[in-house]
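Asks: Quick one: the structure is below, questions incoming.
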Amino acid sequence: MLHFLPAPINGAIASTLMLLNILFWVPVLLLAATVKLLLPFRRVRLAIDPLLLQIAEAWIAGNSAWMRLTQPLQWQVSGIQDLDRRQWYLVICNHQSWVDILVLQHVLNRRIPLLKFFLKKQLIWVPIMGLAWWALEFPFMRRHSEAFLQKHPEERGKDAATTRAACEKYALVPTSVMNFVEGTRFTRAKQQRQQSPYRHLLKPKAGGISLALDAMGEKFGAVLDITIAYPDGTPNFWQFLQGRVPRVIVQARTLAVPRLAANAAGDLSQAWRELCQAWINQLWTDKDALLDRLQAHKNQ
277 MLHFLPAPIN GAIASTLMLL NILFWVPVLL LAATVKLLLP FRRVRLAIDP LLLQIAEAWI
337 AGNSAWMRLT QPLQWQVSGI QDLDRRQWYL VICNHQSWVD ILVLQHVLNR RIPLLKFFLK
397 KQLIWVPIMG LAWWALEFPF MRRHSEAFLQ KHPEERGKDA ATTRAACEKY ALVPTSVMNF
457 VEGTRFTRAK QQRQQSPYRH LLKPKAGGIS LALDAMGEKF GAVLDITIAY PDGTPNFWQF
517 LQGRVPRVIV QARTLAVPRL AANAAGDLSQ AWRELCQAWI NQLWTDKDAL LDRLQAHKNQ
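Heads up: the sequence shown at position 191 corresponds to 467 in this note's numbering, and the numbers run straight through without jumps.
Okay, here's the thing in structure tokens:
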């Protein structure tokens, strides 16, 4: 363990190890993805997709290794004992920091299929990582505002088409479809601007969830509802790399997939969206109450 070192040195070592891990695994990942791109046949996909997932899991295991080496982090994790990596999951979680992604990957790696995140379209241009997310077929979403869509109606429905296309591919190999339903990281300023009714959360958006349930509802074996809390304060990424995060709490619960009223094929009706929104709103009410209890660990 290196966390006895001064925080800036520890952060520099963690950053270097993280970068080396990326530079080792991403070229391997891109090579396998290129084969699939050049040979777009179902048989090739069925052979290459599991290989891509194994590469990604090895990459995540490398991240876990440097985290154990450099972080004094105390993990308090519950609810992940009976997960099945051969099953399809719909995963939802609150979102406070970029650190959330490393936390989720560390806790769930090789317990469930690889997490496939809904990403903002702009993230495809992130150096190296954008290519890796493309190779792993993470769906890139435009997430236009309603005001923009009213001015540009031709853009309406493109995110739905992207989600459906991604879900069709995910149906071939066990996959965990991951969605931060708040759409952005929580801050008090955003909470006040939204007039969110929740103490620790932003308003959830059911758009991505409703699309995923519509496209893959029969395929999902369970919903995995995860709550992350940082009782000593929400860290930014650099604070995490420096080892300035003493504790993280992760609580998961496995829920039945909601069997909502049948939706008209290919058309997300307003009634369908409202059912999905009501379901996620109730989950968020429960999550807010849980975060109240978890924040009580702050002074313990």
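Backbone N, C-alpha and C define an ideal beta-carbon position, used for all residues, glycine too.
Quick one: Cα of P534 to Cα of G509, how far?
Replies: Mapped onto the sequence shown, residue 534 falls at position 258. Mapped onto the sequence shown, residue 509 falls at position 233. Cα to Cα, P534 sits roughly 33 Å from G509.
Asks: Name the one or two DSSP bridge partners that S354 has.
Replies: Working through the sequence shown from its first residue, we reach residue 354 at position 78. DSSP, once it has assigned bridges, lists Q527 as partnering S354.
Asks: If you run the structure through DSSP and keep just helix, strand and coil, what is S452?
Replies: Residue numbering aside, residue 452 sits at position 176 when the sequence shown is read from its first letter. It is a strand residue.
Asks: Is DSSP giving V521 helix, strand or coil here?
Replies: If you number the sequence shown from 1, residue 521 lands on position 245. Residue state, collapsed to three classes: coil.
Asks: In angstroms, rounded to a whole number, what distance separates the CA positions of Q527 and P480?
Replies: The sequence position of residue 527 within the sequence shown is 251, counting from 1. The sequence position of residue 480 within the sequence shown is 204, counting from 1. Looking at the two C-alpha atoms, the distance is approximately 19 Å.
Asks: With DSSP as the reference, label M277 as helix, strand or coil.
Replies: Taking the sequence shown and counting its residues from 1, one reaches residue 277 at position 1. In this structure, M277 counts as coil in the three-state DSSP scheme.
Asks: Measure the alpha-carbon distance for A554 versus T561 and round it to whole angstroms.
Replies: Mapped onto the sequence shown, residue 554 falls at position 278. Mapped onto the sequence shown, residue 561 falls at position 285. Spanning the two alpha carbons is a distance of roughly 11 Å.
Asks: Mind checking which residues open and close the beta strand (DSSP E) that includes T460?
Replies: Counted from its first residue, the sequence shown places residue 460 at position 184. Looking at the DSSP string, T460 is not in any beta strand (DSSP E), and its letter there is neither H nor E.
Asks: If I follow the unbroken beta strand (DSSP E) through F393, where does it start and stop?
Replies: Counting from one through the sequence shown, the residue named residue 393 turns up at place 117. 391–393 is the span of the beta strand (DSSP E), which, as asked, contains F393.
Asks: For A541, which residues from the same chain have a beta carbon less than 8 Å from its beta carbon, with the 5 sequence-adjacent residues on both sides left out?
Replies: Translated into the one-based positions of the sequence shown, residue 541 becomes position 265. Low confidence applies to A541: its pLDDT is 44, below 50, so where it sits in the model is not reliable, and the reading given next is rough at best. Nothing listed; no residue qualifies.
Asks: Nearest-angstrom Cα distance between L448 and I377?
Replies: As a first step, residue 448 is located in the sequence shown; it is residue number 172 there, counting from the start. As a first step, residue 377 is located in the sequence shown; it is residue number 101 there, counting from the start. Taking the straight line from one Cα to the other gives about 25 Å.
Asks: According to DSSP, is N512 helix, strand or coil?
Replies: Position 236 of the sequence shown, counting from 1, holds the residue named residue 512. Residue state, collapsed to three classes: coil.
Asks: What residue does the beta strand (DSSP E) around A505 start on, and which one ends it?
Replies: In the sequence shown, the residue the question calls residue 505 occupies position 229. Start and end: 498–505.
Asks: Suppose you measure from the CA of L517 to the CA of H382; what does that come to, to the nearest Å?
Replies: Locating residue 517 in the sequence shown gives position 241, where the first residue counts as 1. Locating residue 382 in the sequence shown gives position 106, where the first residue counts as 1. About 15 Å.
Asks: Distance check for I400 and N297, CA to CA, integer angstroms please.
Replies: Here residue 297 refers to the residue found at position 21 of the sequence shown. Here residue 400 refers to the residue found at position 124 of the sequence shown. Between N297 and I400, the C-alpha separation is close to 20 Å.
Asks: Put N370 into one of helix, strand or coil per three-state DSSP.
Replies: For the purposes of this step, residue 370 is taken as residue 94 along the sequence shown, with counting starting at 1. Three-state result, N370: coil.
Asks: Sorted by chain position, which residues of the same chain lie with C-beta nearer than 7 Å to R387's C-beta, five sequence neighbours on each side aside?
Replies: Working through the sequence shown from its first residue, we reach residue 387 at position 111. Excluding residues within five positions, the ones whose Cβ falls inside 7 Å are I356, L359, R361.
Asks: How about C369 and T451: are their beta carbons less than 9 Å apart?
Replies: In the sequence shown, counting from the first residue as 1, residue 369 sits at position 93. In the sequence shown, counting from the first residue as 1, residue 451 sits at position 175. Going by C-beta atoms, C369 is not nearer than 9 Å to T451.
Asks: Identify every residue that forms a DSSP beta bridge with Y365.
Replies: As a working note, residue 365 is residue 89 in the sequence shown. Paired residues: S452, A498.
Asks: Using only CA atoms, which one of A332, G338, A323 lies nearest to S291?
Replies: Locating residue 291 in the sequence shown gives position 15, where the first residue counts as 1. With distances taken between Cα atoms, S291 lies closest to G338.
Asks: Which residues in the same chain as W335 place their Cβ atom closer than 6 Å to its Cβ, once the five residues preceding and following it in sequence are excluded?
Replies: Start at 1 with the first residue of the sequence shown, and residue 335 comes out as number 59. W301.
Asks: Does any residue of chain B bring its CB to less than 9 Å from the CB of Q352?
Replies: Annotation note: the requested chain B is absent from the structure, which comprises a single protein chain.
Asks: Please say whether F496 and F393 have beta carbons closer to each other than 9 Å?
Replies: One-based indexing of the sequence shown puts residue 393 at position 117. One-based indexing of the sequence shown puts residue 496 at position 220. No, the pair does not count as a contact, with Cβ atoms beyond the cut-off.
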